[in-house]
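Just so we're aligned: the sequence shown equals residues 820 to 1385 in this note's numbering.
Ideal placement from N, C-alpha and C gives every residue a C-beta, glycine not left out.
Step one of this worksheet: look at the structure below.
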Amino acid sequence: MISRLQDVTPKFTQPMVKRAGEGILKAKRGGERVEQKTVAQGLADLLSGWGVKFVFGTAGDTILHFLSCLSQHPVRFIQMRNEESAAYAASAYAKLTGELGVVAADGGPGTGRLVNGLADALNDGAPVFAVTGQVESLYLGTDHKQYINQQLLLRSVTIRSENLGSPQSLTAAAAQLLRTAVSQGGPVHLSVPKDFWQQPTDPAPVKNEPFLTQKPRAEQTVISQAVEWLRNARRPMILAGRGASRAVTEVLTLADKLGAGVVYTLPMVGIMPDHPLVVRGLGEGGSEAAAELLRECDCLVRLGATYWPSSLTSDDKKVLSVDTCPGNISRGIPADFGLVGDVRTVLAYLLTGMEEIGTDGSWTRHVQDEASAWQRRLEQELAEASSDHPSRAVRTLAEHAEENAVICLDVGEHVLWFSRFFQGRGQRVLVSGRWRGMGFSLGASIAAKLADPKAHVIAIVGDGGFSMLMGEFSSAVEMQLPIIFLLMNNRSYAMEANAAASAGIQPVGVFLRDIRFDEVARACGGIGHRISPAELPDVLEREKHATRPVLIDLQVAPVPMPTAKL
């Protein structure tokens, strides 16, 4: 009966010696002196070979050897205060860059805290590799402390989850998971028993695999058929989603040729410019004019968008959908004509030689009139808003945010006001699209600043979301990342409070005690302000060139959104 861990260690002709910090083992086999890499070094090298620059995570007993290895490796470990934030950061990094995001966590409880971030990656199609520790191999399947079947635990939030069965299978197991994450666009997971990290492995050479990121594309003949199909449209509308973020010019050119109105989903708020045919955002807090025009149209051109309110679905609307993922073509609303491929590439082919299609000019004028009327309504709402109204804060932010800014949106009432009143000038917007996990913006903002150090990074978060994971402000301080955390403080879970009021039920658990978040920020070593919306322009200007994190505790009223829900 095996009773000690060393009993299951592979036997060599003499004890193995580890060179400090290098993850290299020396031994004699068959009379020859050989060097072998440990599992910790092998995995670090493999990640580096795949182009990984950062591993987000939190230290834990079962991954200490891996983290120690990273300390002397080109791949940089980014210490976070909570594994949930680390997973959000990995997901946000993947969304922003299109590259692989990586997160590391301790086994057991640490692995459990990855669930929200991995669910975010799964729902938004972000390639993420999660590596976690696990109890020693001797204790797998037992009631040992902190043991849980981590594959069962993470099965519903990953594409694939595996436990490393042998140190020698590291390269095969990890490489296959990495290929899955990149090619299928989603999170994968590998757990490594604690006693495997210092055992020898024989990693294979890493070869570049650019073909994994190649996207399928419809044939030119099919794209040409789409032009003919569009000629039958008389009241066309375009819905642009995150997949069209690199194709704004092409989207507007198509709108001009079709005489179609343009509506967009939340990730496009920052980069869609003012245009006579742009009717602004779709969804809660979005444009009521946009929703109404989508009801009236007879043809919908959906570009890289997966969101579609079920209340707008009808049988008399023809749908042409473009997406890199074939499975997204009919997601939300069934498509009558589908084009598979990168939106920008497909539109470039579609627009080649495409003349203006003779749609009814009255429809185009109707779209322009509705867009203008909606803009006038927004300006009127702003003029009538109280001094502590959140709309004023959002409009101020739109006027002061740098064009290269990355704006990380959290989850809560402030998102609706952002969708309604933010007018972008090229800013990239990161969101937890389908999972909508509170606290997302804190880890996301750290990832955004590391991914693009020259960009201004702004996290917009409510007091509820911030208080869940506020430890990450300290993480940003420790890394001296000059991020602006704009905290929309209405002392409540406002969406839930307003929903309860609308339903005529007693609101319970929706009001929050006021915390001096500005003092918390200063205690952490950052900069803290507690201000009203009227003071926001001066503070944003003053802190534009800050060299450390800035928290702006913005006191806003918990007012309900005037737009009816879709």
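Whether F779 touches P1368 by CB criterion (8 Å): Because the chain is modelled from 820 through 1385, residue 779 falls outside the range shown and cannot be assessed.
Top-ranked residue by Cα proximity to E1103, from T1084, M1287, G1172: Position 284 of the sequence shown, counting from 1, holds the residue named residue 1103. Comparing Cα-Cα distances from E1103 to each of T1084, M1287, G1172, the minimum goes to T1084.
Helix, strand or coil for L919? Go by DSSP, reduced to three states. Counting from 1 along the sequence shown, the entry for residue 919 is found at position 100. Here L919 sits in coil by DSSP.
Start and end of the beta strand (DSSP E) containing V1067? Counted from its first residue, the sequence shown places residue 1067 at position 248. Per DSSP, V1067 belongs to no beta strand (DSSP E); it is in the alpha helix (DSSP H), 1067-1077.
If contact is defined by three or more beta carbon pairs under 8 Å, each pair taking one atom from either stretch, is the region 1102-1116 in contact with the region 1271-1279? As far as the Cβ criterion goes, the region 1271-1279 does not touch the region 1102-1116, which means the pair count is below three.
Same chain, Cβ closer than 6 Å to V1234, five either side skipped, listed in chain order: Here residue 1234 corresponds to residue number 415 of the sequence shown, with the count starting at 1. Exclusion of the five residues before and after V1234 leaves L1228 as the residues of its chain whose Cβ lies within less than 6 Å of its Cβ.
Measuring alpha carbon to alpha carbon, tell me which residue in L1077, P1356, T1183, N942 is nearest I1371. The residue you call residue 1371 lines up with position 552 of the sequence shown. Per the Cα distances, P1356.
Measure the C-alpha to C-alpha separation of Q1299 and H884 and round it to an integer number of angstroms. Locating residue 1299 in the sequence shown gives position 480, where the first residue counts as 1. Locating residue 884 in the sequence shown gives position 65, where the first residue counts as 1. About 26 Å.
Use the C-beta contact count for H1348: other C-beta atoms within 10 angstroms, 16 or more gives buried, fewer gives exposed. Here residue 1348 corresponds to residue number 529 of the sequence shown, with the count starting at 1. Per the 10 Å Cβ criterion, buried.
For my contact list, P1086 and V1225 are in at a C-beta cut-off of 8 Å; report their separation, rounded to the angstrom. The residue labelled residue 1086 in the question sits at position 267 within the sequence shown. The residue labelled residue 1225 in the question sits at position 406 within the sequence shown. Not confirmed; about 12 Å, so no contact.
Can we say the region 1127-1147 touches the region 1189-1202, given the rule of at least three CB pairs closer than 8 Å? no
Going by DSSP, which residues form a beta bridge with D1372? On the sequence shown, position 553 is the one that residue 1372 refers to. According to DSSP, D1372 bridges with L1306, R1349.
Nearest to R1361 by CA position, among G1160, A1266, H1219, is which residue? What you label residue 1361 is simply residue 542 of the sequence shown in a count that begins at 1. The shortest C-alpha separation from R1361 is found at H1219.
Since I1346 contacts A1340 with CB under 8 Å, what's their CB separation in whole angstroms? Within the sequence shown, the letter at position 527 stands for residue 1346. Within the sequence shown, the letter at position 521 stands for residue 1340. Sure, about 7 Å apart at Cβ, within 8 Å.
Opening and closing residue of the beta strand (DSSP E) in which A1278 lies: As a working mapping, residue 1278 is identified with position 459 in the sequence shown. From DSSP, the beta strand (DSSP E) with A1278 extends over 1276-1281.
Counting pairs of Cβ atoms below 8 Å between the region 1159-1171 and the region 1054-1069, do you hit three or more? yes
What residue from S980, R1247, L1096 has the CA that sits closest to W1182's CA? Translated into the one-based positions of the sequence shown, residue 1182 becomes position 363. The option with the nearest alpha carbon to W1182 is L1096.
For the alpha helix (DSSP H) containing Q970, name the first residue and the last one. In the sequence shown, residue 970 corresponds to position 151, counting from 1. Annotation for Q970: the continuous alpha helix (DSSP H) segment containing it runs 969-973.
If you check the beta carbons only, do G1105 and S1238 fall under 8 Å apart? Position 286 of the sequence shown holds residue 1105. Position 419 of the sequence shown holds residue 1238. Yes, they are a contact pair.
Using DSSP bridges, identify the partner residues of F948. The residue you call residue 948 lines up with position 129 of the sequence shown. The partner list for F948 (beta bridge, DSSP) reads V921, V1007.
Could you give the C-beta distance for V1098 and W1236, rounded to a whole number, given that I count them as a contact under 8 Å? To locate residue 1098, count along the sequence shown from 1; it is residue 279. To locate residue 1236, count along the sequence shown from 1; it is residue 417. So it is not a contact: roughly 18 Å between Cβ atoms.
Is DSSP giving K1137 helix, strand or coil here? For the purposes of this step, residue 1137 is identified with residue 318 of the sequence shown, where counting begins at 1. It is a strand residue.
Local Cβ density within 10 Å of T1132, reported as buried at 16 or more and exposed below that: Here residue 1132 is taken as the residue at index 313 of the sequence shown, counted from 1. T1132 should be labelled exposed.
Does L1251 come out as helix, strand or coil in the three-state DSSP assignment? To locate residue 1251, count along the sequence shown from 1; it is residue 432. What sits at residue 1251 in the sequence shown is Ser, not Leu. Here S1251 sits in coil by DSSP.
Sorted by chain position, which residues of the same chain lie with C-beta nearer than 6 Å to G840's C-beta, five sequence neighbours on each side aside? Taking the first residue of the sequence shown as position 1, residue 840 is located at position 21. In this prediction, G840 has a pLDDT of 47, which is less than 50 and means its spatial position is unreliable; what the coordinates show is noted afterwards. The answer, listed in chain order, is Q891.
Cα-Cα separation between A1319 and Q1325, rounded to whole angstroms: The residue given as residue 1319 occupies position 500 in the sequence shown. The residue given as residue 1325 occupies position 506 in the sequence shown. Rounded to the nearest angstrom, the two C-alpha atoms are 7 Å apart.
With a threshold of 6 Å on Cβ separation, who are the neighbours of S1205 within its own chain once the five nearest residues in sequence on each side are excluded? The count along the sequence shown starts at 1 and reaches residue 1205 at position 386. The answer is none, since no qualifying residue turns up.
From G1004 to E1028, what distance separates their C-alpha atoms? On the sequence shown, residue 1004 is found 185 positions in, with the first residue counted as 1. On the sequence shown, residue 1028 is found 209 positions in, with the first residue counted as 1. One C-alpha to the other measures close to 15 Å.
Distance check for G1283 and A1059, CA to CA, integer angstroms please. The count along the sequence shown starts at 1 and reaches residue 1059 at position 240. The count along the sequence shown starts at 1 and reaches residue 1283 at position 464. Roughly 30 Å between the two C-alpha positions.
For R1195 and E1222, which I take to be in contact (beta-carbon distance under 8 Å), what is that distance rounded to the nearest angstrom? Residue numbering aside, residue 1195 sits at position 376 when the sequence shown is read from its first letter. Residue numbering aside, residue 1222 sits at position 403 when the sequence shown is read from its first letter. Not quite, the Cβ-Cβ distance comes to about 26 Å (not below 8 Å), so this is no contact.
Counting only the same chain and skipping the five closest in sequence on each side, list residues whose C-beta sits under 6 Å from that of V1389. There is no way to answer for residue 1389, as the model of the chain reaches only from 820 to 1385.
Do you know how far the Cα of A1037 is from the Cα of G1258? Residue mapping note: residue 1258 aligns to position 439 of the sequence shown, counting from 1. Residue mapping note: residue 1037 aligns to position 218 of the sequence shown, counting from 1. For G1258 and A1037, the distance between alpha carbons rounds to 39 Å.
Three-state class that DSSP yields for E903 in the structure shown: If you number the sequence shown from 1, residue 903 lands on position 84. The answer is helix: DSSP assigns E903 an H, G or I state.
Taking 7 Å as the limit between beta carbons, can you name the residues of its chain near L1009, skipping five residues before and five after? For the purposes of this step, residue 1009 is identified with residue 190 of the sequence shown, where counting begins at 1. For L1009, where only same-chain residues beyond five positions count, the Cβ hits under 7 Å are V950, E981, L983, A992, A993, L996.
State the Cα-Cα distance for the pair T1143 and P1035, rounded to the nearest angstrom. Here the question's residue 1143 lines up with position 324 in the sequence shown. Here the question's residue 1035 lines up with position 216 in the sequence shown. Going by the C-alpha atoms only, they are around 7 Å apart.
Ignore the nearest five residues each way along the sequence and tell me which others in F1330's own chain have a CB closer than 6 Å to its CB. Reading the sequence shown from its first residue, position 511 is the one you call residue 1330. The residues are S1311.
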